[in-house]
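Residue 361 in the UniProt record's numbering sits at position 361 of the sequence shown, and the numbers go up by one each step.
Think of the CB as a built atom: it goes at the ideal place given N, C-alpha and C, for glycine as much as any other residue.
Nothing here was measured: the structure is a model prediction, and the numbers come from that model.
See structure below.
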Amino acid sequence: MRPADDDQLTARLKFKRTGEAMAEGRPPLSPTTPRAELQQARLRETLSKPRDWRFGPEDRQQLSKPRMLLPITRSPILGGDRDFIFDPSRQVVDPVPADAIHPVVEISPSEAVARLTVTGHGMAAESVRSTSRGKIQHHYRAPMHMLVMYEKGERRDGETFVEGLPRSALRNLERKLTFVPAGREFHDWHELRGSQMRLMYFYFEPERLTALSKRGISDLPDSPRLLFEDETLWNTALKLKTLVESSAADPVYFGSLGTLLMHEVVRFTCGMPSIQPQLQGGLAQWQQRLVTTYIQEHLNERIPIGTLAQLVRLSPYHFCRVFKQSLGMPPHRYQTKRRVEQAKLLLAHRAGSMTEIGRAVGFSSRNAFATAFRKAAGIAPVDYRRSVAPPITYE
Numbered sequence: 001m002r003p004a005d006d007d008q009l010t011a012r013l014k015f016k017r018t019g020e021a022m023a024e025g026r027p028p029l030s031p032t033t034p035r036a037e038l039q040q041a042r043l044r045e046t047l048s049k050p051r052d053w054r055f056g057p058e059d060r061q062q063l064s065k066p067r068m069l070l071p072i073t074r075s076p077i078l079g080g081d082r083d084f085i086f087d088p089s090r091q092v093v094d095p096v097p098a099d100a101i102h103p104v105v106e107i108s109p110s111e112a113v114a115r116l117t118v119t120g121h122g123m124a125a126e127s128v129r130s131t132s133r134g135k136i137q138h139h140y141r142a143p144m145h146m147l148v149m150y151e152k153g154e155r156r157d158g159e160t161f162v163e164g165l166p167r168s169a170l171r172n173l174e175r176k177l178t179f180v181p182a183g184r185e186f187h188d189w190h191e192l193r194g195s196q197m198r199l200m201y202f203y204f205e206p207e208r209l210t211a212l213s214k215r216g217i218s219d220l221p222d223s224p225r226l227l228f229e230d231e232t233l234w235n236t237a238l239k240l241k242t243l244v245e246s247s248a249a250d251p252v253y254f255g256s257l258g259t260l261l262m263h264e265v266v267r268f269t270c271g272m273p274s275i276q277p278q279l280q281g282g283l284a285q286w287q288q289r290l291v292t293t294y295i296q297e298h299l300n301e302r303i304p305i306g307t308l309a310q311l312v313r314l315s316p317y318h319f320c321r322v323f324k325q326s327l328g329m330p331p332h333r334y335q336t337k338r339r340v341e342q343a344k345l346l347l348a349h350r351a352g353s354m355t356e357i358g359r360a361v362g363f364s365s366r367n368a369f370a371t372a373f374r375k376a377a378g379i380a381p382v383d384y385r386r387s388v389a390p391p392i393t394y395e
């Protein structure tokens, strides 16, 4: 290996107070070569150290461009002390090996987004904002865990994919989270419906999460999660996002919040209930929305109480109690009510026979459908159809 190549590969930035920063923009190599092992070791070393936080508007605009960093202690162009400045003459132009993988999400086209990245304490947090209405693609596969936080965004077209899970074409991504285990592929593309997309990428060293998972918790599972909601994770991630985008951020606070977020990720992926204040008024608004949406999308299925309880990270017993407190009925009765409401719509449009409609909303037989419908609506489904559906005319 030539010394010049090694110097370019491991370009470092010295700060007066906080140590070294990651040389962003150059993807690490797959750990199958000595050069790759050296680069990954240096990446882990960088992530374990804090970095200075001060970014100017020009810095943020440039963060979407994959260029090398040059050390600088003062930049009159940027208006005072700055930690780094980009130099176009030092761009990496040598080809990337075939086995290269990216330590951060690759976004194409890169000029369609503005990116701001902060690293330290075994993790990295990256703020991404896009305003282009054209097609934007995000791709990731690396030996680091990743949590995606969609703060705002609605797409008119697109899909999200995590290796090991079915693809999702969900349009409204607001307040959704996605967990990508180390080594899994993540791909997202979208064309915006609204004005902009705002999201965060959080990258975690597997060693840090594994260490946390061994503190009284079972081994960290290798299970991805796609476009889910969790209030505990969301609140912590939102604090980190606000801190990263703040002009007066605190590295110590960043480290504390980062450690807390890693704890929450471990607890969530291990299926442990979240620690929340005792609910006095039933389910929280986000919990109620999540559970009722899930029931509506799985009307024709038998939904175990444990599945619903796990969605909102409560024990089955506590979930049943607060569900009834919030909605006035147990979960199974609520599902039956929603089935009957859906059946009314189908009956009004004469969408099939009684048996077909009953099965479409989750009843095993015509008799079971008729009994449940009569109990909920006070009328037999046949009579209900006669009262609301237009008569069939023959020409």
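Unbroken alpha helix (DSSP H) run spanning residue i, endpoints
i: Gln296; result: 285–297
i: Arg184; result: Taken as a continuous stretch (DSSP letters only), Arg184 belongs to no alpha helix (DSSP H), as it is neither H nor E.
i: Val265; result: 251–269
i: Ala237; result: 231–244
Beta carbon of residue i nearer than 8 Å to that of residue j
i: Val104; j: Glu126; result: yes
i: Glu191; j: Gly158; result: yes
i: Thr236; j: Glu264; result: yes
i: Thr269; j: Ser195; result: no
i: Leu227; j: Lys176; result: yes
i: Ala284; j: Glu229; result: no
i: Ala360; j: Leu347; result: no
i: Arg338; j: Gln296; result: yes
i: Val118; j: Phe254; result: yes
i: Val340; j: Ala368; result: no
i: Met262; j: Arg193; result: no
Selection from the options that minimises the alpha carbon distance to residue i
i: Pro304; options: Pro316, Glu297, Thr293; result: Pro316
i: Ile136; options: Met144, Arg175, His187; result: His187
i: Met329; options: Val361, Thr292, Ser353, Thr307; result: Thr292
i: Trp189; options: Leu173, Tyr203, Phe202, Pro181; result: Leu173
i: Arg115; options: Val128, Leu170, Glu229; result: Val128
i: Arg198; options: Leu314, Phe254, Ile379, Ser132; result: Ser132
i: Thr259; options: Lys239, Ser247, Ser246, Glu245; result: Lys239
i: Thr210; options: Val266, Trp234, Trp286; result: Val266
i: Val388; options: Arg350, Ala376, Met354; result: Arg350
i: Leu290; options: Ala309, Lys375, Met354; result: Ala309
i: Asp250; options: Trp234, Arg385, Gly120; result: Gly120
i: Trp286; options: Glu301, Gly134, Ser326, Ser256; result: Ser326
i: Trp234; options: Asn300, Phe323, Leu257, Ser365; result: Leu257
i: Glu301; options: Gly358, Lys324, Ser246, Arg374; result: Gly358
i: Arg321; options: Phe373, Gly352, Gln288; result: Gln288
i: Gln335; options: Arg386, Arg385, Glu245, Phe373; result: Phe373
Distance, residue j Cα to residue i Cα
i: Glu106; j: Leu243; result: 23 Å
i: Tyr294; j: Pro109; result: 35 Å
i: Val180; j: Phe319; result: 28 Å
i: residue 430; j: Val312; result: Outside the shown range of the chain, which is 1 to 395, sits residue 430, and nothing can be said about it.
i: Val113; j: Tyr140; result: 16 Å
i: Pro381; j: Arg171; result: 35 Å
i: Ala142; j: Tyr150; result: 20 Å
i: Phe363; j: Gly122; result: 51 Å
i: Thr371; j: Ile379; result: 10 Å
i: Pro71; j: Leu314; result: The pLDDT assigned to Pro71 is 26, lower than 50, so where the model puts this residue is not dependable, and the model offers no usable value.
i: Val252; j: Lys241; result: 15 Å
i: Glu163; j: Ala169; result: 15 Å
i: Lys344; j: Glu185; result: 43 Å
i: Phe161; j: Thr307; result: 23 Å
i: Ala124; j: Met200; result: 10 Å
i: Asp383; j: Gly183; result: 58 Å
i: His138; j: Leu165; result: 17 Å
i: Arg167; j: Glu154; result: 17 Å
i: Pro331; j: Gly134; result: 43 Å
i: Gly282; j: Arg225; result: 26 Å
i: His298; j: Ser247; result: 45 Å
i: Ser130; j: Phe323; result: 38 Å
i: Ser365; j: Thr355; result: 7 Å
i: Arg385; j: Gln342; result: 13 Å
i: Glu245; j: Met146; result: 19 Å
Beta strand (DSSP E) segment containing residue i, residue limits
i: Thr160; result: 155–162
i: Leu170; result: Where Leu170 is concerned, there is no enclosing beta strand (DSSP E), given that its DSSP letter is neither H nor E.
i: Ala125; result: 123–130
i: Glu106; result: 106–108
i: Ala114; result: 113–120
i: Lys152; result: 145–152
i: Leu165; result: Segment: none, Leu165 is in no beta strand (DSSP E) and carries neither H nor E.
i: Arg225; result: 225–228
Quiz prompt | Every unbroken alpha helix (DSSP H) inside the UniProt domain "HTH araC/xylS-type" (289–387) [4 residues or more] | solution = 305–311, 316–327, 331–348, 354–360, 366–377
Exercise. Let me know the alpha helix (DSSP H) ranges lying completely inside the segment 189–215, each 4 residues or longer, listed in chain order.
Key: Correct list: 206–213.
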